[in-house]
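**Q** Protein chains in written order, with our numbering: chain P, 4 to 427; chain G, 1422 to 1712; chain S, 164 to 431.
Built from N, CA and C at the ideal position, the CB exists for glycine as well.
Got a structure for you, written out below as structure tokens; questions coming shortly.
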Amino acid sequence: MATSLAACGGSNDTNNAGNTTGGSSEGGKQKVVAWAWDPSFNGKALNIAAEIYKQEHPEFEIEVVDMSKADLEQKLNTNLAAGVTEGLPDIILVNDPNIQKYVNSYPGTFADFTNSSVDYSQFSQYKVDALTVDNKIYGIPFDIGVTGLFYRTDILTEAGFTAEDLENITWDEYIEIGKVVKEKTGKYMSTINPNDEALTSVLLQSAGSWYITADNKGNFVDNPAMTETLRVYKAISDSGIAKPVTGWSEFVGSFNSGDVATVVSGVWQIASIMDAQDQKGLWAVAPTPRLNIEGGENASNEGGSSWFVVEKSANKDLAMEFLGATIGGSSEFYERFLTEAGGVGSYIPSFSSEAYQQTSEFFGNQAIYADFTEWSTKVPGISLGMYTQEAKDALKNELPNILNGADLQKSLANIQQLFEQQVQ
Amino acid sequence: MGGKLSKSSLIGWQFVLLPSALILLFSFYPMIQSFILSFESGKGNVSEFVGLGNYSRLLSDPMFRQALYNTILYLIIQVPIMLFLGLIIAHLLNQPNLKFKGFYRTAIFLPCVTSLVSYSILFKSMFAVDGIFNKLLMNLHIINEPIAWLMDPVWARVVIIAAITWRWTGYNMIFYLSAMQNIDPSVYEAASIDGASKLRQFFSITIPMVKPIILFTAIISTNGTLQLFDEVINITNGGPGNSTMTISQYIYNLSFVYTPNFGYAATVSYAIVIIVAVLAFIQMKIGGDKK
Amino acid sequence: MRHLAAFGKHLFLIVASVISLFPFLWMIIGMTNTSSDIVKGQFSFGSNLGTNISKLFDSTPIGTAFMNSLIIAVISTVLTLLLCSLAGYGFEVYRSKNKDRLFAFLLLSMMMPFAAIMIPLFKMFSQWGLMNSVVAVILPTMTTAFMIFFFLQNTKSFPRELLQAGRVDGLNEWKLFTHIYMPTMKPTYAAAAIITFMANWNNFLWPLIALQSPEKKTLPLIVSSLASSYNPDYGIIMVAIVISTIPTVLIFFLLQKQFVQGMLGSVK
């Protein structure tokens, strides 16, 4: 830490000393540094939180350093693997499936929030579950990706369906509807991208399952939810109702240009859907289709992150207090987060606020956020474990074979074996 | 040469000492630490000594085998094509009386100025199902339906190979061109007077004089292709189903995507070092000087 | 017959040029369109250039990043040319068994994927207190076996008689390098300068790790952040890519005359 001046490379700006451990507290100013991706969403949230916190603590300042998620993970891992905490920020954004990985790989690096002032009972249980490792809670829940079935009311009507026909359906029913839509309107029902496991993740969680078990073993064999998930996935692919896309921009382009009638995705997809301003008033949201097995719910989750604090940072207490007072317990924050950034949190008290009850003209005057938050209470909680990425890659490897008609049981056994080899 | 050999050799060391020391410090020192790490396994900072455990794991690792297969495939197909193209183009551009030389030279070199991330993004969008390339092929009636380039294992590899070739041919062309510039034009004139055809001159004069550079580009390209990373990450991300994944991507996954196992990642890195070193050795034996 | 051969040559070169330039056309067209139009594959000019440029300058420190990249690239290039040509020259002109062995050993350093040595390197620089500095970015890649190899191979075709002539004229070994070798090898230096500048300009991984503060970011880091937000704005990304391409194109234009001149013109 005594190296800061040399490291500045000569520019000793007093207002930007954020290059050693976290921020600084010089001359009355209290500053924290945060790393996050997506400045218009995550960065914005931090700035909103800072404004709120400054009402009571005017000397507070936050510096949000923006970088892509992959870059952040590289920097974080490199820093931690080198055993260097210098250069780390006070606050870090973490994708939920990575929580256990970080906590277990770098013990003692992240602050333990278990006995902090944050009241975790006020948050959606499944978010808190994700943050809990060995009975300790390691951060503050942030945005949720509770899913819904976004659909074009005009296209579905043209095909002869009403809103009721889409309420609480199973995936098989969804596929049947999709076939009729394709036949009568020529539009695809949805997209499919075999390189992207978003859909299988949604399907698994909706039935309370995941790629790995709570004790980090592969969950591919003897798992009815997994078998059913892949059966449904293949059925969607075979039915011809899904437009193949190879990447994110194609995916977004498909609904922006009106090629697909529905999108099953997290609530944060709203911003992209609304980019197509010529589709105003033509969308609505229904609950996520469910797997037709025991435990299958019409609710699931896609994505979502949480905020960590670095244990060794100089401003750990300040950072924890800041987060706890805002993202960890301020209804005002969540209302502003929704209205200004379109972000949906998991803070239950905020769900009854005006912001969350508003109707959306774009979505045919449906109170979409009220619906999403209601569904969020039904999302099955699961353990994301440490090896999600390895499991997904093992699945990805075999997926083309499955889609080409290989025997499902054999494929699952292959995936299980591949996974086990990856996690030695 | 001659009697002053040992003194001149000593002076020679003065020239190479500082640069060599820098490489030893900034490359070899970390490499040694990485080598030591390759005998450990674990997660993140929690790892333990496993002796040769990582190396034996490597030999039966199906992901590694897939990555190795893909990487070698790229190597065998892409490098010869690229070097050959670069050589031909450089030769054509070396003709003193060719018109529009400057334009061609600039145009063909231009791909090299793009950053790897940028051009990968460009190629990915160009080869999308709705992308420009499909539109072009359909307009020319070469195909009837768009090809899902990046969703088919074979086509995805073709796209990767096409992208690399597009990006790096100009690079090699520059090396060959600058080497060809060092050949005295009077040598060609004399050969022309003797009646040798242009083709004959190419094979008997140009190639032998450019041989050291050909060897150079062969080794460098082999090294580069075996370490291929950015294109694969940004265009296909290893897909579909790991059919385009390279060894470097596997190392990256082991360090930054999966639960980090830096020890095993180091082991896989040394696998690359060994393969490249062996190939480089072979290439030097075939194409090196006889001195 | 000659006309047919010439036609064939030109056809081949034109095709190669079109293939090479096509993505740039795509980029320039993309610069003028909105993100959603780009995603839909629009291949005509739009009217969004001004908006894209101003959005880019508003939402990212692209001007600063440009300067940071420039400083790092220029300093690196000069140092690299000097150090690596010295070594390449030394290995080749004063060739000996031991030097050959040393060089072969040094080549190994090229073969290690950078990601594997990144962590020990990071530790090293952190211990020296050099993190987050231009020095940290430049030092590790200043001397590469690759560049030494390049100079070494090119020196094989350097005529030793020139050195002898210089010795006869009374020049010491160092002056031979600076006064005879360097001017003669201009095409090699030019090629090396272009390649090195480009490599440093586009360098991504190590600056990502070694630099921390936003105001020290280099250009590739900016492009990477832009390309990976939830909803990337491709119009802005295209502008950023074009901006990051300009300096290397300029350097190429400036130095490419060296390829035309050849050896004869530069021997004094």
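Compute the Euclidean distance between the alpha carbons of residue 3(P) and residue 68(P), then round it to the nearest angstrom.
**A** Coverage of chain P is limited to positions 4 through 427, which leaves residue 3(P) absent and any answer about it impossible.
**Q** Suppose the cutoff is 6 Å on Cβ atoms and the five residues either side in sequence are ignored; what does the same chain contact list for residue 400(S) look like?
**A** Contacts found: 389, 390.
**Q** Buried or exposed for residue 1682(G), please, with buried defined as at least 16 other CB atoms from any protein chain shown within 10 angstroms of its CB.
**A** It is buried - the Cβ of residue 1682(G) has at least 16 other Cβ atoms within 10 Å.
**Q** Identify the contact partners of residue 371(S) in chain P, using a Cβ-Cβ distance below 8 Å as the criterion.
**A** Chain P residues near residue 371(S): 70, 74, 77, 78.
**Q** Closer than 7 Å by C-beta to residue 336(P): which residues in its own chain qualify, once you throw out the five before and the five after it? Chain order, please.
**A** Taken in chain order, the residues that qualify are 51, 52, 55, 329, 330.
**Q** Using a beta-carbon distance below 9 Å, is residue 249(P) in contact with chain G?
**A** Yes, because at least one Cβ of chain G sits closer than 9 Å to the Cβ of residue 249(P).
**Q** How is the alpha helix (DSSP H) around residue 155(P) delimited, first residue to last?
**A** Run containing residue 155(P): none in the alpha helix (DSSP H); it sits in the beta strand (DSSP E), 143–155.
**Q** Does the beta-carbon distance from residue 1499(G) to residue 1585(G) come in below 9 Å?
**A** Yes, the Cβ-Cβ distance between residue 1499(G) and residue 1585(G) is below 9 Å.
**Q** I want to know whether the region 182–198 of chain S touches the region 206–215 of chain S - three or more CB-CB distances under 8 Å.
**A** The region 182–198 of chain S is in contact with the region 206–215 of chain S.
**Q** Evaluate residue 167(P) with the Cβ neighbour count: other Cβ atoms within 10 Å of its Cβ, from every protein chain shown; 16 or more gives buried, anything less gives exposed.
**A** With fewer than 16 Cβ atoms within 10 Å of its Cβ, residue 167(P) is classed as exposed.
**Q** In chain G, what lies closer than 9 Å to residue 390(P) by C-beta?
**A** Result: 1679, 1680.
**Q** Pop quiz: residue 1550(G) and residue 184(P) are said to be a contact at Cβ under 8 Å. What is the actual Cβ separation, rounded to whole angstroms?
**A** Incorrect: roughly 20 Å between the Cβ atoms, too far for contact.
**Q** Tell me, to the nearest whole angstrom, how far the beta carbon of residue 251(P) is from that of residue 153(P); I am working on the premise that it is less than 8 Å.
**A** Between residue 153(P) and residue 251(P) the Cβ distance is about 16 Å, and since that is not below 8 Å, they are no contact.
**Q** To which residues of the same chain is residue 1430(G) closer than 6 Å at the C-beta, ignoring the five residues directly before and after it?
**A** None.
**Q** Does chain G have any CB closer than 9 Å to the CB of residue 333(S)?
**A** No, because no Cβ of chain G sits closer than 9 Å to the Cβ of residue 333(S).
**Q** Give the residues from the region 85–108 of chain P that approach chain S closer than 8 Å (Cβ to any Cβ), ordered along the chain.
**A** Answer set for the region 85–108 of chain P: 85, 86, 87, 89, 90.
**Q** Closer than 9 Å, CB to CB, is residue 24(P) near chain G or not?
**A** Summary for residue 24(P): the model assigns pLDDT 47, below 50, so the residue's position carries little reliability, and this model does not support an answer.
**Q** Can you confirm whether residue 245(P), when its beta carbon is compared against all beta carbons of chain S, has any partner nearer than 9 Å?
**A** By this cut-off, residue 245(P) is not an interface position.
**Q** Hey, how far is the Cα of residue 1540(G) from the Cα of residue 1658(G)?
**A** Distance between the alpha carbons of residue 1540(G) and residue 1658(G) is about 15 Å.
**Q** Return the residues of the region 1429–1441 of chain G that lie within a Cβ-Cβ distance of less than 8 Å from chain P, sorted by chain order.
**A** Listed by position along the chain: nothing, the set is empty.
**Q** Considering only residues of the same chain and omitting the five flanking positions on each side of residue 222(P), which have a CB-CB separation below 7 Å?
**A** For residue 222(P), where only same-chain residues beyond five positions count, the Cβ hits under 7 Å are 212, 213, 214, 215, 216, 229.
**Q** Quick check: what's the CA-CA separation for residue 278(P) versus residue 1509(G)?
**A** Their backbone Cα atoms lie some 49 Å apart in a straight line.
**Q** Would you kindly report the start and end of the unbroken alpha helix (DSSP H) that includes residue 1643(G)?
**A** First-last of the alpha helix (DSSP H) with residue 1643(G): 1628–1647.
**Q** Within a Cβ cutoff of 7 Å, which residues of the same chain sit near residue 418(P), ignoring the five residues on either side of it in sequence?
**A** Result list for residue 418(P): 223, 397, 398, 401, in chain order.
**Q** Taking contact to mean at least 3 C-beta pairs separated by less than 8 Å, is the region 99–110 of chain P in contact with the region 306–322 of chain P?
**A** Flag = yes, the region 99–110 of chain P and the region 306–322 of chain P touch.
**Q** Closer than 9 Å, Cβ to Cβ, to anything on chain G: give me those residues from the region 167–193 of chain S, in chain order.
**A** Answer set for the region 167–193 of chain S: 168, 169, 172, 173, 175, 176, 177, 179, 180, 181, 182, 183, 184, 185, 186, 187, 189, 190, 193.
**Q** In chain S, which residues lie with their C-beta within 8 Å of the C-beta of residue 1636(G)?
**A** Simply 316.
**Q** Would you list, in chain order, the members of the region 1527–1550 of chain G that have their beta-carbon closer than 8 Å to a beta-carbon of chain S?
**A** Taking 8 Å as the Cβ-Cβ cut-off against chain S, the residues of the region 1527–1550 of chain G that qualify are 1527, 1528, 1529, 1530, 1531, 1532, 1533, 1534, 1535, 1536, 1537, 1538, 1539, 1540, 1542, 1543, 1544, 1546, 1547, 1549.
**Q** Would a check of beta-carbon distances place residue 1649(G) closer than 9 Å to chain P?
**A** Chain P contact via Cβ: absent.
**Q** DSSP on residue 1605(G), reduced to helix/strand/coil?
**A** Coil, per DSSP.
**Q** Between 1465(G), 1665(G), 1525(G), which has its C-alpha nearest residue 1576(G)'s C-alpha?
**A** Of 1465(G), 1665(G), 1525(G), the residue nearest in Cα terms is 1665(G).
**Q** What are the uninterrupted segments assigned as alpha helix (DSSP H) that are 4 or more residues long and contained completely in the region 400–424 of chain P, given in chain order?
**A** Correct list: empty.
**Q** In chain P, which residues lie less than 7 Å from residue 1571(G) when you measure between Cβ atoms?
**A** Here the neighbours are 249.
**Q** In three-state terms, what does DSSP make of residue 1712(G)?
**A** Residue placement at residue 1712(G) is poorly supported in this model, since its pLDDT is 43, which falls under 50; the coordinates still yield a value, given next. Coil.
**Q** So residue 259(P) contacts chain S; which residues on that side make the cut at Cβ distance below 7 Å?
**A** Near residue 259(P) (Cβ distances below 7 Å), the residues of chain S are 199.
**Q** Could you check whether the Cβ of residue 1676(G) sits closer than 9 Å to any Cβ belonging to chain P?
**A** True, the Cβ-Cβ gap to chain P drops below 9 Å.
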